[in-house]
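Everything below concerns the one structure shown next.
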């Protein structure tokens, strides 16, 4: 093909593509694109990756929206070109075409164009990568430790936020809004990955390493996420929830977490529950301030019983909405919806109310105490402990009587 | 079909397999019996294989009457007798020599059998030689190559263990260059005489082996003797007894970018630098039971080590006694770093605390908070 | 034993029987029956056996996939429990990657590379046989774990420390690691074999730039294998030692860094992706020109972009680890290289499209699959580009968006290419054409099924559903109709549509086998050398080794360009060319003889590894088998002395023969 033919050829390509995109196809394309977007992100999926609720997720979103659009357009161009040639060059008895081996100029042009597009994308990508990796503007630090199959959050002493003694929590990450929070992640056993899609992308929690993840929420709210690095049997159940509170509400939360232990009232069911707790649960679960009958502090020894060496600290259990990491709700369905669906100006108050007797999800909590391995796949069966030297992974079956369970529930309700 | 020798050896093989299985059920200590019987299985099966291939080395009736004329020289009677001598010596001296004797004996007998078979194979001496080669070279070559290379490598390792570190590095460069030059030489002159190439290789190998023998007799270098007596996994927290530890441990680890904290000693001040905290810290939160890596970075003029004081633990003796639970790094010279791997299972008992200190630097410590 | 180069005077081809010099070490001679298959070293038979094995494992992996989709069809699925689900997705990936796509590609390579370059066999025929048997036994070995306490449950990526004995106490991962090491040997021997074959055994006149594009792509793949397999072997070795001998390579408490495994795995794992798709790229690049009646557009660009992918493919592994915490500099660099590799990939798509442009398109089933590949692979490629944007990837990685992406690449790219190749080369391999009407149904059901299955996964991923979850709950699936549950159901329905499509292929195979109609000699009006022989090819492939003057040599023997009008004029039919060849058949053809030892040696290895897991004494027996098989192999007359083949010579060989027989 000579030069002018080549020119014609290109022109032909462009015009035919445009013609295809025009008219019907354009409407069709518009409709399908809209319906795709509507279907994929408009429906309140709690872990939607296209609904940023904080500046870090926004950086990502601002980058990915145009990239997806460009990718979509390029895909469409290819599809149209293929469909066009399928329709146009179908064998209708035309002679065998000239055996040309290609046109280097066209080839090179069509190689350089995508390279240039990618170069532009790369520039913006680099900017975002380094923005998201910044750690020197941190305002608050939270240590996050993963283990099978829950997350522990500990807040080191930070007087600016009223944290005068370390706070340990699990299941729900509580953070103040408008504050640049830096998670320092690590793991006690296998690799996990921390991901709150509304606030930022994910970061693996690797044992032996400390890895950082920036989080910042614009408004109060509860944001969900899930462990995204395959971590064994209950990987699917390893959830996390981030609760963003206004600064005032956060201060209240901190004060509550640092409040001293209140022993249950004398001769109450809860006090009997405390005895059961001291007898059974304290082997793994710490309740700060809890004293044994002989007046010594009850220090849990999860390292002797659990492979990861840790079990959730239950000190202020009822200030959380979930238990067993975040696998189950501590609030009954109705109460939970009330908190979760609350508008952002009152969600803090509702959340800080904690779990009252009426709102407690009795069913799940009781089943959990009755036989935890039945509710969640774990290596908590005594026959499976050869490799760990007798240590459990997850909460084992404790053979508690129904009476003991009632007492325990009453006791746990006092852990406000 | 099957020759007598084959039947005999296969019988031994099967019996030893049975014995092996029996020993698994009967004996508690299967290790030695298992190894010995497995060896027997392998040896008998090998001999059986050779026997059936060579038809027991029997001459065939009426096929090659003249082939007996072709009997050539043989080294195997000599080697066999050497094997016997080793065997006997081994009974007196040590079991290693005894086993060596067994190996030599078996090898020599196998070679002898194949040679005598091949010499009767046909009237053509050359053909007979090639028949022997085809049967035995597949075993001889790998074994001899492994032996030869093993000797050269072992000799080289002796040299490297004897000379000091700098000389070792230079020697490595020299050897490497020689190999490279040799390779280039072969590449440039592919039509070079094979004997010349072989001569160069043999010369090199002999040189290394000679060096190895000299080194082996003069013993390994001083610092390795000292280092062998030390435990490097759990460094001593007191006086450093050796100068031969890894001086810049973090340089060999991939952990630098994501350690929990870097503990810095500068002008007698001990501070912790943590990712995310703008200012140097005097306390450090460590999750219980999580393996935690810390880097100790010494910027002061003296050699120091970082010590984690983690309360007390039960002492080995006397019973009931306790001792300080210390975890330490090696000494770090000025500007160098050492790594500390901590795993703390329980919080400090009420009224006490865990801390990081540097012996020799007074009044400085970093609190380890284990919530 | 590059013996094809030797020319030895024999009376007829094939019947040259190496002498039974050593009695028990005779070479097998059966030309029919099961012996003809088990002891064969013929590249075509081995290619077919590779294909059958791959198809079998494709069905196994497909059933695993269907179970996965059944489990996820609705919230809180109860079909599988967590443990079984984890085993299922681990083995689905392992089976599809190592036991279906790789062997299928190896099968195509084995069958067609010698034919395409005008050779009579591969360079090392016995090693070729060993490769096949190792793959088969390795695959069986891995799947044995289902019956011996449970299969591997750590995911095919098998991240440490989750793969350690504490976290996976069954023997599944041991079987997995050992089985893959065995299959890895197969890949390595195959790679060396095919590289030597391609570089040394091309027909006269066939320069590298006149080599058919499929052979080119497969050669790139073999180089990738040659360098990638040792890396995974090292990793698997460390893992095996960690699990079986108490080594602590990935034990954090002993100072290890678990990211070591990830680096090792992905340095292998990313080139592996190209190992999986490049063969299909090669097939498509053969099929499109044939059915467009036009040469491949920009052949040198396609060749060099393939080679470029082969090189750059080594510099992108850490894009699988953007969330692992590598630090911003590494992430930025790997982000850039990942974008860079999109360029040569894009070049291929452009060239395929432009091959069709201005052609004379014939829509056979093979062509449809190829066109389907262009479009669907483009979708996968573009979603891949969105991953190269690292910050965006931290949102999408380990979600279903990734699952969608790599299924568009590996199914839309890899599997459609394989089916294209099956339909295209079926007449060549079996002398019969697959039914085109069923093929049409097969194609559309597969394409619709695959889009229904994997298309919604894009949305699921963007809605935030992580991978490798044995259940999803209503609480997290969102409100409204188009939530997790809906899209998961669509995907599950799609997977069954897809399964029906593949079932149609199997039915097509049966129908075709029963149909006595033979295919024409050149059913597609093809272009490359493999069509210049009978269907199926004779054991020695070509009666006369063709001399090559053109890329697309066969086409240019059939057609000539009219210098005035630039149109193509037929000057010969395939039958005429074939007859011409038969008239001038070589009198001196020497083919390698079958051998017992590859299959025996290959059998010894799983015995060893079985012993490693259960009792070291069994391993000793395996070692004995391997030792004697290697011994027999070395001893067997391979490049037998000329005397072995001379029947009229009364010299030593003859005498020795009678020694052996007594």
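Residue numbers (the working numbering), protein chains in the order written: chain A, 371 to 786; chain B, 9 to 379; chain C, -17 to 644.
From the three backbone atoms N, C-alpha and C, an ideal C-beta is built for every residue, glycine too.
- Message: Tell me which residue opens and which closes the beta strand (DSSP E) that residue 550(C) is part of.
- Response: Per DSSP, residue 550(C) belongs to the beta strand (DSSP E) from 550 to 552.
- Task: Please go through the same chain and pick out, in chain order, the residues whose beta-carbon is closer than 8 Å to the beta-carbon of residue 217(B), but skip the five residues on each side of it.
- Result: 159, 160 and 163.
- Message: Just checking: is the beta-carbon of residue 456(A) within a distance shorter than 9 Å of some beta-carbon in chain C?
- Response: At a cut-off of 9 Å between beta-carbon atoms, residue 456(A) makes contact with chain C.
- Message: Which of the three DSSP states is assigned to residue 479(A) in this structure?
- Response: Residue state, collapsed to three classes: helix.
- Taking residue 174(B) and residue 223(B) to be in contact with their CB atoms under 8 Å, please state how far apart those CB atoms are, rounded to whole angstroms. Not a contact, Cβ separation roughly 16 Å.
- Item | Local Cβ density within 10 Å of residue 662(A), reported as buried at 16 or more and exposed below that | Per the 10 Å Cβ criterion, exposed.
- Message: Using a 10 Å radius around the Cβ and a threshold of 16 neighbouring Cβ atoms, would you call residue 567(C) buried or exposed?
- Response: With fewer than 16 neighbouring CB atoms inside 10 Å of its own CB, residue 567(C) falls in the exposed class.
- Message: I want to see whether chain B comes within less than 9 Å of residue 678(A), judged by CB atoms only; does it?
- Response: At a cut-off of 9 Å, the C-beta of residue 678(A) has a neighbouring C-beta in chain B.
- Query: Where does residue 22(B) fall in DSSP's three states?
  - Reply: Helix at residue 22(B).
- Query: What distance in whole Å lies between the Cβ atoms of residue 203(C) and residue 138(C), which are believed to be in contact at a cut-off of 8 Å?
  - Reply: With 8 Å as the limit, residue 138(C) and residue 203(C) do not qualify as a contact, their Cβ atoms being about 19 Å apart.
- Query: Would residue 374(B) be called buried (16 or more neighbouring beta carbons within 10 Å of its own) or exposed?
  - Reply: Burial call: buried.
- Item | Residues bridged to residue 612(A) [DSSP beta-bridge criterion] | In DSSP, residue 612(A) forms a bridge with 543(A) and 593(A).
- Within the same chain, show all residues whose beta-carbon is closer than 7 Å to that of residue 438(C), passing over the 5 residues directly before and after it, in chain order. Taken in chain order, the residues that qualify are 469, 472 and 473.
- On the premise that residue 356(C) lies in contact with residue 339(C), defined as a C-beta separation below 8 Å, what is that separation, rounded to the nearest angstrom? About 12 Å separates the two Cβ atoms, so there is no contact after all.
- Query: What residues in the stretch 346 to 367 of chain B have a beta carbon less than 9 Å from any beta carbon of chain C?
  - Reply: Within the stretch 346 to 367 of chain B, the residues whose Cβ lies closer than 9 Å to some Cβ of chain C are 347, 349 and 351, listed in chain order.
- Query: If you run the structure through DSSP and keep just helix, strand and coil, what is residue 521(A)?
  - Reply: Residue 521(A) sits in a strand when the DSSP states are folded into three classes.
- Message: Counting only Cβ pairs nearer than 9 Å, list the residues of chain C close to residue 50(B).
- Response: Below the 9 Å Cβ cutoff, chain C contributes 602, 605, 606 and 609 as neighbours of residue 50(B), in chain order.
- Please compile the residues from chain C whose C-beta is within a distance smaller than 8 Å of the C-beta of residue 655(A). None at all; the shortest Cβ gap to chain C is about 22 Å.
- If you scan the stretch 91 to 155 of chain B from start to end, which runs of the alpha helix (DSSP H) of 4 or more residues do you find wholly inside it? Counting only runs of 4 or more residues that sit fully inside the stretch 91 to 155 of chain B, the alpha helix (DSSP H) segments are 103 to 127, in chain order.
- Helix, strand or coil at residue 83(B) [DSSP, three-state]: Of the three classes helix, strand and coil, the one that applies to residue 83(B) here is coil, per DSSP.
- Message: Check this for me: beta carbons of residue 411(C) and residue 468(A), under 9 Å apart or not?
- Response: Taking 9 Å as the Cβ cut-off, residue 411(C) and residue 468(A) do not qualify as a contacting pair.
- List, in order along the chain, the chain C residues whose C-beta lies closer than 8 Å to that of residue 108(B)? Within chain C, no residue comes near residue 108(B); the closest Cβ sits about 21 Å away, beyond 8 Å.
- Report yes or no: is there a C-beta of chain B within less than 9 Å of the C-beta of residue 552(A)? Under the Cβ criterion of 9 Å, residue 552(A) is counted among the residues facing chain B.
- Item | Any C-beta of chain B under 9 Å from that of residue 393(A) | In this predicted model, residue 393(A) has a pLDDT of only 46, less than 50, meaning its place in the structure is not dependable; the value taken from the coordinates is given anyway. Chain B contact via Cβ: absent.
- Since I believe residue 603(A) is in contact with residue 747(A) (beta carbons under 8 Å), could you give me their beta-carbon distance rounded to a whole number of angstroms? At roughly 5 Å, the Cβ-Cβ gap stays under 8 Å, so residue 747(A) and residue 603(A) are in contact.
- Cβ separation of residue 205(C) and residue 292(C), assumed to be a contact under 8 Å, to the nearest whole Å: Going by Cβ atoms, the distance from residue 205(C) to residue 292(C) rounds to 6 Å, so yes, they are a contact pair.
- Rounded to whole angstroms, how far is the Cβ of residue 753(A) from the Cβ of residue 295(B), which I believe are closer than 8 Å? Contact between residue 753(A) and residue 295(B) does not hold, since their C-beta atoms are separated by about 30 Å, which reaches or exceeds 8 Å.
- Task: Please classify residue 587(A): does DSSP put it in a helix, a strand, or coil?
- Result: It is coil, neither helix nor strand.
- Query: Closest Cβ-Cβ distance between residue 424(A) and chain C: below 9 Å?
  - Reply: Taking a beta-carbon distance threshold of 9 Å, residue 424(A) does not count as an interface residue toward chain C.
- Message: Can you check which of these residues, 231(C), 371(C) and 63(C), is closest to residue 489(A) by C-alpha distance?
- Response: For the residues 231(C), 371(C) and 63(C), the minimum Cα distance to residue 489(A) belongs to 371(C).
- Query: Is residue 144(B) closer than 9 Å to residue 111(B) when the C-beta atoms are compared?
  - Reply: In this structure, residue 111(B) sits away from residue 144(B), with a CB-CB distance that is not shorter than 9 Å.
- Task: Return the chain-ordered list of same chain residues with a C-beta closer than 7 Å to the C-beta of residue 498(C), the five sequence neighbours on each side being excluded.
- Result: Excluding residues within five positions, none has a Cβ falling inside 7 Å.
- Query: Under 8 Å Cβ-Cβ, which residues of chain B neighbour residue 508(A)?
  - Reply: Near residue 508(A) (Cβ distances below 8 Å), the residues of chain B are 284, 285 and 286.
- Query: Can you pull the DSSP bridge partners for residue 331(B)?
  - Reply: Bridge partners of residue 331(B): 321(B).
- Using a Cβ-Cβ distance under 9 Å, would residue 671(A) count as near chain B? Chain B contact via Cβ: present.
- Check the Cβ of residue 392(C) against every Cβ in chain B and list those closer than 8 Å, keeping chain order. Counting only Cβ-Cβ distances below 8 Å, residue 392(C) has no contacts in chain B at all, with the closest Cβ about 31 Å away.
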